[in-house]
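Read the structure below first, then the notes.
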Ligand SMILES: [Zn+2]
């Protein structure tokens, strides 16, 4: 644990136990809370050696959080957010991407506590072993020798991506974070080219990673659908919608909806922008494509007056939410760094 996280943790505990933070603060009564998870994994999972800390919560932390949320909120489905009028504050649980661990580790806990959730699927991933590029980069950089890292550094230079650090010395988690953040600024075509080159440098690692299973399949999705889990779109290819052509944006939104509707015999109205990237045009296409509720990665509560196609959420990850005081402090939205 880093020092800053330890300090935040003890600070959160002090304010929680001293009662300064009252989660059910009257001022927040008229707001809903949408939580955003990605992965849920046991602490012993070997993949935690390379998965970015922002991408997961541990199975044990997740169950603790669910118990706390059930006591303090009414956990409702995302579709029901507009009609909810119960006495407790509503809380909505969402998962992005469609990870297999959502079925393996999160779903049994949701089932046990009989609570609903929504999973946003990037439909081209389903039933495949294709790891997304940020995870591939992370796996390559965590496993590679310095000489391969040198090749990666040269490639970054060719693509004009300046990493302002000595990439062989910096902590690998930090390195991955810097590089991913820079790559997210590239146009999609350029990004694809870069990733193709990088995959060829690390082809052995790419094959190793393919042996691990990242994504849900349709049988699992259908089973969850019968048990209070709803599904929305997270595009077809998980592209960042502000870095691509209008034609591609339309395809991503329409095609993924068509697949979900056909596979699940439904008419989904739910959408989640990959990486939270949207602009006015993307928002308009989202509406044209038949979506009525869309979520972002902007932090905050949901107010009744909010525009339904750009709802805020609270992102949860292990470092910042593995104790109840940390979670409670986060959900007051009064301490920006937690
Ligand atoms: Zn995503």
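In my numbering, the protein residues as written are 13 to 350.
The C-beta atom is built at its ideal place from N, Cα and C for all residues, glycine as well.
What you are looking at is a predicted structure, and each value in this text was computed from that prediction instead of being measured.
Beta-carbon spacing of residue i, residue j below 8 Å
i	j	result
residue 43	residue 313	yes
residue 105	residue 87	yes
residue 284	residue 171	no
residue 175	residue 191	yes
residue 303	residue 324	no
residue 255	residue 168	no
residue 326	residue 48	yes
residue 221	residue 143	yes
residue 306	residue 328	no
residue 337	residue 25	yes
residue 214	residue 156	yes
residue 310	residue 288	yes
residue 115	residue 232	yes
Cβ-based neighbour list, residue i, same chain, cut-off 6 Å, excluding 5 preceding and 5 following
i	result
residue 75	121
residue 331	17 and 65
residue 127	87
residue 291	254
residue 38	Reliability fails at residue 38, whose pLDDT of 45 lies under 50, so the model's placement of it is uncertain and no value is given.
residue 67	50 and 51
residue 236	119
residue 173	194
Chain-order list of residues whose beta-carbon lies under 7 Å from that of residue i (same chain, five-residue window excluded)
i	result
residue 218	148 and 211
residue 98	86
residue 81	87 and 103
residue 299	321
residue 179	161, 165 and 187
residue 151	62, 217 and 221
residue 351	Given a span of 13 to 350 for the chain in the structure shown, any question on residue 351 remains unanswerable.
Nearest-angstrom beta carbon gap, residue j and residue i [assumed within contact, 8 Å]
i	j	result
residue 69	residue 113	Not confirmed; about 10 Å, so no contact.
residue 249	residue 134	7 Å
residue 71	residue 54	5 Å
residue 21	residue 154	Incorrect: roughly 25 Å between the Cβ atoms, too far for contact.
residue 200	residue 251	6 Å
residue 139	residue 230	7 Å
residue 272	residue 301	Contact flag wrong, Cβ pair sits at about 12 Å.
Same chain only: Cβ atoms within 8 Å of residue i, ignoring 5 sequence neighbours per side
i	result
residue 333	69, 73, 77, 339 and 342
residue 137	109, 110, 144, 226, 227 and 250
*asked:* If you measure from each CB to the nearest heavy atom of ligand 1 and keep those under 6 Å, what residues do you get, in chain order?
replied: Having a Cβ closer than 6 Å to some heavy atom of ligand 1 are 108, 109, 246, 250 and 286.
*Counting Cβ pairs closer than 8 Å, one from the region 146-165 and one from the region 238-250, do we hit at least three?*
Contact fails: fewer than three Cβ-Cβ distances are below 8 Å.
*asked:* Between the region 221-230 and the region 252-267, can you find at least three pairs of beta-carbon atoms closer than 8 Å?
replied: Touching, no.
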